[in-house]
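For the sequence shown, our numbering begins at 1 and goes up steadily by one. All residues carry an ideal CB built from backbone N, CA and C; glycine is no exception. First the structure, in the form of structure tokens, and then the observations on it.
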Amino acid sequence: MSNLRKYENKNPFSREENKNPFSRNENSSNVAYSGNSDVDVIVEVNTMPIAYAMLCSLRATKQISEFEFEDAVRKLKKLVDEDRSYNHNDPKTAKIYHLE
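Next comes the structure, spelled out in structure tokens:
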């Protein structure tokens, strides 16, 4: 089987392909040998609310002290602020490859 894809798309409004010119609701499309596509998808999920909820749960069940809770919240906030300040389009972080 060839790696080439065969696409056939008939115009339902064409008189040559449509025996009944008044039947415009019929659409004859056909896709054959379409295969899979290589697609990269990036999904970013904000996990900060989950982390905060876990800290609140630990504090509510007295598994951590007030001091540990406040320290953990400060550290979590610092991590979130650092992540927000990171720019994915910063030219300084570009990866440059030299091909020879």
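Which residue wins for smallest C-alpha separation from residue i, given the options the options?
| i | options | result |
| --- | --- | --- |
| L55 | V41, L76 and V80 | L76 |
| D81 | T61, A53, N46 and V39 | N46 |
| R59 | D90, D83 and F69 | F69 |
How long is the line joining the alpha carbons of residue i and residue j, rounded to whole angstroms?
| i | j | result |
| --- | --- | --- |
| K95 | M48 | 29 angstroms |
| T93 | R84 | 15 angstroms |
| S57 | P91 | 41 angstroms |
| A51 | V73 | 9 angstroms |
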